[in-house]
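Novice: Quick one: structure below, then a few questions.
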Amino acid sequence: MSQSPEKSPLTPPRIPLPWGWVFAVAMAAIAIVLSLAIWQRVKSTSAPLEVFGEVPEFTFTNERGDPVSKASFGGTIWVADFIFTRCGGQCPRMTSAMRDLQQWLKKQKYDDVLLFSLSVDPEHDTTATLLEYALRYDYDPWRWTFCTGEKELIYQFIREGFKLGLEDQPAPGSAPENEPIIHSSKFVLIDRQGRIRGYFDGLDPEELKKLQQAIVALRKERGAP
1405 MSQSPEKSPL TPPRIPLPWG WVFAVAMAAI AIVLSLAIWQ RVKSTSAPLE VFGEVPEFTF
1465 TNERGDPVSK ASFGGTIWVA DFIFTRCGGQ CPRMTSAMRD LQQWLKKQKY DDVLLFSLSV
1525 DPEHDTTATL LEYALRYDYD PWRWTFCTGE KELIYQFIRE GFKLGLEDQP APGSAPENEP
1585 IIHSSKFVLI DRQGRIRGYF DGLDPEELKK LQQAIVALRK ERGAP
């Protein structure tokens, strides 16, 4: 009959692991890691938006023949872009992106955020032409306005007020045939005080996501829900 081997006096006794304590420590470690990640995310998104300048006073005419001025946007956040209706290059993409932004704002119930599209081709873009163009993109006239005006004033407004490039007589070969006016594709975010708070590429989906985040941040500056 075999006998069990004798235990060496040097062999330490087996101590059962307190699995409940191990589990608690592991969960606490996971909670700490998640908290740090959330804190870093909040820290990266809660930094105040930079102020790039103030939008100058202006008065233009919208697609329905009504005057639109800086005061028309008083107390609201707004997004501006600069397009023209016979543009066959970037403008259709920009306006489609602005339409998507309109839909997102409606879904979020952000009634205090407006949209402003100004023509860089006012000699062609009459109010009737702008209305036809706006309807093509299912615009909401209570939120989104398309404007035209005197060419000299518009160009000065964009170049000096928004610090964006604009050229209606580009050098031969420097512009595609379907886009005879060279202009910026930026969407410009303006706060309730009429200050420029950000520039976002209207042709870049990632930039447009950043624009949405910036809108959320601006609304929180005044404590909007």
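All letters in the sequence shown, in the order written, are residues 1405 to 1629 by my numbering.
Note that beta-carbon positions come from the ideal geometry of N, C-alpha and C, so glycine has one too.
On a predicted model such as this, the values are computed, not experimentally measured, just so you know.
(1) Can you tell me whether K1447 is helix, strand or coil according to DSSP?
(2) Near E1527, what residues of its chain come up, given a Cβ to Cβ distance below 8 Å and the 5 sequence neighbours on each side ignored?
(3) Under the rule that 16 or more other beta-carbon atoms within 10 Å means buried, what is L1612, buried or exposed?
(4) Between the C-alpha atoms of D1516 and G1479, what's the straight-line distance to the nearest angstrom?
(5) Count the C-beta pairs between the segment 1476–1496 and the segment 1582–1591 that are closer than 8 Å, then say yes if the count reaches three, no if not.
(6) Skipping 5 residues on each side, what residues in its chain have a beta carbon closer than 8 Å to that of L1570?
(7) Tell me whether T1465 sits in a helix, a strand or coil according to DSSP, three-state version.
(8) Exposed or buried, what is W1546 when buried is set at 16 or more other beta-carbons lying within 10 Å of its beta-carbon?
(9) Could you tell me the distance, in whole angstroms, from the CA atom of W1482 to the CA atom of A1621?
(10) Less than 7 Å between C-beta atoms, sequence neighbours within five positions excluded: which residues of the same chain meet that for F1464?
(11) State the start and end residues of the unbroken alpha helix (DSSP H) segment that holds R1540.
(12) Give the straight-line distance between the Cα atoms of R1470 and F1456, rounded to the nearest whole angstrom.
Specialist: The short version:
(1) In the sequence shown, the residue the question calls residue 1447 occupies position 43. Per-residue confidence for K1447 stands at a pLDDT of 45, beneath the threshold of 50, marking its modelled position as unreliable; the derived number appears in the next sentence. In the structure shown, K1447 sits in a helix (DSSP, three-state: H, G or I).
(2) Indexing the sequence shown from 1 puts residue 1527 at position 123. Here the set comprises K1555.
(3) In the sequence shown, residue 1612 corresponds to position 208, counting from 1. With 16 or more other Cβ atoms within 10 Å, it is buried.
(4) Looking up residue 1516 in the sequence shown gives position 112. Looking up residue 1479 in the sequence shown gives position 75. Computed Cα separation, rounded: 8 Å.
(5) yes
(6) Taking the sequence shown and counting its residues from 1, one reaches residue 1570 at position 166. Cβ within range, chain order: F1486, V1524, Y1559, I1562, R1563, I1585, I1586, H1587, S1588.
(7) Here residue 1465 refers to the residue found at position 61 of the sequence shown. Strand.
(8) Residue 1546 sits at position 142 when you count from the first residue of the sequence shown. Classification of W1546: exposed, given that the 10 Å Cβ count is below 16.
(9) For the purposes of this step, residue 1482 is taken as the residue at position 78 of the sequence shown. For the purposes of this step, residue 1621 is taken as the residue at position 217 of the sequence shown. The straight-line gap from Cα to Cα measures roughly 13 Å.
(10) Locating residue 1464 in the sequence shown gives position 60, where the first residue counts as 1. Taken in chain order, the residues that qualify are V1472, L1522, C1551, T1552, G1553.
(11) By one-based count along the sequence shown, residue 1540 stands at place 136. From DSSP, the alpha helix (DSSP H) with R1540 extends over 1531–1540.
(12) One-based indexing of the sequence shown puts residue 1470 at position 66. One-based indexing of the sequence shown puts residue 1456 at position 52. According to the sequence as given, residue 1470 is Asp; it is not Arg. Computed Cα separation, rounded: 29 Å.
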